[in-house]
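Engineer: Below you will find the structure I want to go over with you.
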Amino acid sequence: MSKTSPLANRQIWVEKRDSPTLVGRLLAYIPDGKRISFRETAKLVRRGDIILLWANGKNPEGKSSFIGWSVAVGDPVSAEPAEEQDGGYEVTVELSAPELFPRGFDLAYLRNHGRALRTEMDRLLDSPATPSNIFLQREAPDTVGPGQGYLGAFPPSLLAQVPELEKYLEERLERYTGDASGDRGGSEPATDAEGANRGSGRQSDARLRQAVELHAMRRAELFLRSKYGEEPIPSPQPDDPTDGFVLDDTSQGNPYDFLVTLRGHAGTIHVEVKGTTSPDPRKILLTRNEVRLNQRSDVHHMLVVVDGIQISNHGQPYGGRLRFADQWRIGVDPYPSGTVLDPVQYEYVLNDSDLADEESF
Numbered sequence: 001m002s003k004t005s006p007l008a009n010r011q012i013w014v015e016k017r018d019s020p021t022l023v024g025r026l027l028a029y030i031p032d033g034k035r036i037s038f039r040e041t042a043k044l045v046r047r048g049d050i051i052l053l054w055a056n057g058k059n060p061e062g063k064s065s066f067i068g069w070s071v072a073v074g075d076p077v078s079a080e081p082a083e084e085q086d087g088g089y090e091v092t093v094e095l096s097a098p099e100l101f102p103r104g105f106d107l108a109y110l111r112n113h114g115r116a117l118r119t120e121m122d123r124l125l126d127s128p129a130t131p132s133n134i135f136l137q138r139e140a141p142d143t144v145g146p147g148q149g150y151l152g153a154f155p156p157s158l159l160a161q162v163p164e165l166e167k168y169l170e171e172r173l174e175r176y177t178g179d180a181s182g183d184r185g186g187s188e189p190a191t192d193a194e195g196a197n198r199g200s201g202r203q204s205d206a207r208l209r210q211a212v213e214l215h216a217m218r219r220a221e222l223f224l225r226s227k228y229g230e231e232p233i234p235s236p237q238p239d240d241p242t243d244g245f246v247l248d249d250t251s252q253g254n255p256y257d258f259l260v261t262l263r264g265h266a267g268t269i270h271v272e273v274k275g276t277t278s279p280d281p282r283k284i285l286l287t288r289n290e291v292r293l294n295q296r297s298d299v300h301h302m303l304v305v306v307d308g309i310q311i312s313n314h315g316q317p318y319g320g321r322l323r324f325a326d327q328w329r330i331g332v333d334p335y336p337s338g339t340v341l342d343p344v345q346y347e348y349v350l351n352d353s354d355l356a357d358e359e360s361f
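Numbering (UniProt numbering), first residue to last: 1 to 361.
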């Protein structure tokens, strides 16, 4: 890990669960008078920390695997749950919208680096400064596996033993935050005040704008997985009547951001995603090719808008309201006969009556 790595100055934690569902917060219930160390660990998480999600046997191949990651956008908050009567309390940590990992960071991947991880584990466990709850545990003869407990530490020196995962996280953090410092200092989360009066919030900072767009993509992906089924099918099989879907990120080089291929239903869905810090945008920007694609009557279009996105003090987008329009149509021909000018960008006026809330599907 380099001195300028966006992972520097950040703690890394692993949340382990039996469900592959990605959620927007950590939640640990701590019974009164019953100290459970791995749940108490949740109180050590700080804003800006990285949270990796490990699911037991729940990736598409049925293997235990890292399936996603988030950033803590707040410090732990303790509250007594009203429905509990034993005097216990909950600790919650709000997270950014999770991003799914590509396949490959599974148990077999860890064990391929088992010797290096085991050597570093031995060194760490000899140090009194090492956290008591490391995610991994030593396994015979000279390898490692996931340890017990809900939340465990993944020290940077251990992460360095799995360089592909370390590099992936560094690249994604740089892309999302535009920040290589990992500094947690600063003010409370901010929003783009100008965005409320400038349509889709055209931030002057290109890196921030990209981070907001990518956050909206992550929120939209989670929404689409929830809408069409928790687990995507591995490949399109249109003759199979079983429900399922294939979700492809098509945002690079195409006038739409996701392609949903349905199985057991008709055809595909082209999904356009727009994200903004404006809390109530009246307009969004569309490119010429996005408008042209929407004019095709043989294509099922969907628009997903994530507005009110906030920016944490270290440049990480989080939160926001998701709304969507299924069977989305612009409804106006932008290329009437005799047109001489060919605009490269359009302002599309949002109609609240055409947008449904995320929970309404």
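Heads up, the beta-carbon is just placed ideally off N, CA and C, and yes, glycines get one too.
The structure presented is a predicted model; accordingly, all values stated were derived computationally and were not measured.
So residue 90 and residue 27 are supposed to be a Cβ contact under 8 angstroms. How far apart are they, rounded?
Structural biologist: Residue 90 to residue 27, Cβ: 6 angstroms. Contact.
Engineer: Using a Cβ-Cβ distance under 8 angstroms, would residue 97 count as near chain D?
Structural biologist: You won't find chain D in this structure, because it holds only one protein chain.
Engineer: Taking only runs that begin and end inside the region 117–157, name each unbroken beta strand (DSSP E) of 3 or more residues, in chain order.
Structural biologist: Counting whole runs of 3 or more residues, the region 117–157 contains the beta strand (DSSP E) stretches 136–139, 143–146, 151–153.
Engineer: For the region 311–323 against the region 207–225, do three or more pairs of beta-carbon atoms, one drawn from each stretch, fall closer than 8 angstroms, so that the two count as touching?
Structural biologist: In short, these stretches touch, since the Cβ pair count reaches three.
Engineer: So what does residue 274 bridge to, in DSSP terms?
Structural biologist: In DSSP, residue 274 forms a bridge with 305.
Engineer: Helix, strand or coil, according to DSSP, for residue 162 in the structure here?
Structural biologist: Note: residue 162 maps to coil in three-state DSSP.
Engineer: Assuming residue 146 contacts residue 64 (C-beta within less than 8 angstroms), just tell me the rounded distance between them.
Structural biologist: Indeed, because the Cβ distance is near 7 angstroms, the residues count as touching under 8 angstroms.
Engineer: How far does the alpha helix (DSSP H) with residue 44 in it reach, from first residue to last?
Structural biologist: Run containing residue 44: none; DSSP gives neither H nor E here.
Engineer: So what's residue 329 in DSSP terms, helix, strand or just coil?
Structural biologist: In the structure shown, residue 329 sits in coil (DSSP, three-state: anything other than H, G, I, E or B).
Engineer: Which of the three DSSP states is assigned to residue 114 in this structure?
Structural biologist: Note: residue 114 maps to helix in three-state DSSP.
Engineer: Do you know how far the Cα of residue 101 is from the Cα of residue 246?
Structural biologist: Their backbone Cα atoms lie some 16 angstroms apart in a straight line.
Engineer: Counting Cβ pairs, one atom from each stretch, are 3 or more of them under 8 angstroms apart for the region 153–167 and the region 106–126?
Structural biologist: Yes: at least three Cβ pairs fall under 8 angstroms.
Engineer: Nearest by alpha-carbon distance to residue 269: which of 249, 302, 292 is it?
Structural biologist: Checked all of 249, 302, 292; the closest Cα to residue 269 is 302.
Engineer: Which residues does DSSP pair with residue 283 in a beta bridge?
Structural biologist: Bridge partners of residue 283: 349.
Engineer: Identify every residue that forms a DSSP beta bridge with residue 310.
Structural biologist: Partner(s): 318.
Engineer: Along the chain, where does the beta strand (DSSP E) containing residue 55 start, and where does it finish?
Structural biologist: Segment 50–55, the beta strand (DSSP E) holding residue 55.
Engineer: Taking the straight line between their C-alpha atoms, what separation do you get for residue 237 and residue 75?
Structural biologist: Only weak support is given to the placement of residue 237: the predicted model assigns it a pLDDT of 47, under 50, and the value that follows is read from those uncertain coordinates. If I take the Cα positions, the gap works out to 45 angstroms.
Engineer: DSSP beta-bridge partners for residue 106?
Structural biologist: In the DSSP output, where bridge partners are listed per residue, residue 106 has 65.
Engineer: Assign residue 216 to one of three DSSP states: helix, strand, or coil.
Structural biologist: Note: residue 216 maps to helix in three-state DSSP.
Engineer: Once DSSP output is grouped into helix, strand and coil, what is the label at residue 89?
Structural biologist: In the structure shown, residue 89 sits in a strand (DSSP, three-state: E or B).
Engineer: Rounded to the nearest angstrom, how far is the Cβ of residue 99 from that of residue 172, given a contact under 8 angstroms?
Structural biologist: Confirmed, about 7 angstroms.
Engineer: Check whether the Cβ atoms of residue 50 and residue 71 sit closer than 8 angstroms, and answer yes or no.
Structural biologist: Cβ atoms of residue 50 and residue 71: closer than 8 angstroms.
Engineer: Return the CA-CA distance between residue 331 and residue 254, expressed in angstroms with no decimal places.
Structural biologist: Approximately 21 angstroms between the Cα atoms of the pair.
Engineer: Please state whether the Cβ-Cβ distance between residue 212 and residue 277 is less than 8 angstroms.
Structural biologist: The answer is yes: Cβ separation under 8 angstroms.
Engineer: Which same chain residues end up closer than 6 angstroms to residue 354 when comparing Cβ atoms and leaving out the 5 residues on each side of it in sequence?
Structural biologist: For residue 354, where only same-chain residues beyond five positions count, the Cβ hits under 6 angstroms are 325.
Engineer: Just to confirm my understanding: we take residue 308, look at its own chain, exclude 5 residues before and 5 after, and list those with CB closer than 6 angstroms. What are they?
Structural biologist: Only 279, 320, 321 meet the Cβ criterion.
Engineer: Near residue 15, which residues of its chain fall below 8 angstroms by C-beta distance, leaving aside the five closest residues on each side in sequence?
Structural biologist: 26, 51, 52, 53, 54, 150, 151, listed in sequence order.
Engineer: Would you list the residues sitting across from residue 72 in a DSSP beta bridge?
Structural biologist: 95.
Engineer: Would residue 10 and residue 48 qualify as a contact pair, given that the criterion is a beta-carbon distance under 8 angstroms?
Structural biologist: For residue 10 and residue 48, yes; Cβs fall inside 8 angstroms.
Engineer: Based on the DSSP output, what are the partners of residue 209 in its beta bridges?
Structural biologist: Per DSSP, none; premise fails for residue 209.
Engineer: Looking only at C-alpha atoms, which of 79, 165, 96 sits nearest to residue 110?
Structural biologist: Per the Cα distances, 165.
Engineer: Use the C-beta contact count for residue 209: other C-beta atoms within 10 angstroms, 16 or more gives buried, fewer gives exposed.
Structural biologist: Under this definition residue 209 is a buried residue.
Engineer: For residue 118, which residues in the same chain have their Cβ closer than 7 angstroms to its Cβ, ignoring the five residues on either side in sequence?
Structural biologist: Within the same chain, residue 118 has close Cβ partners 138, 142, 143, 144.
Engineer: Locate the alpha helix (DSSP H) running through residue 293, then write down its first and last residues.
Structural biologist: Segment 288–294, the alpha helix (DSSP H) holding residue 293.
Engineer: Taking residue 299 as the reference, give the member of 267, 315, 79 with the closest Cα.
Structural biologist: If we check each option's Cα against that of residue 299, 267 comes out closest.
Engineer: Alpha carbons only, please: which of 260, 228, 350 is nearest the one belonging to residue 282?
Structural biologist: When each option's Cα is compared against that of residue 282, the closest is 350.
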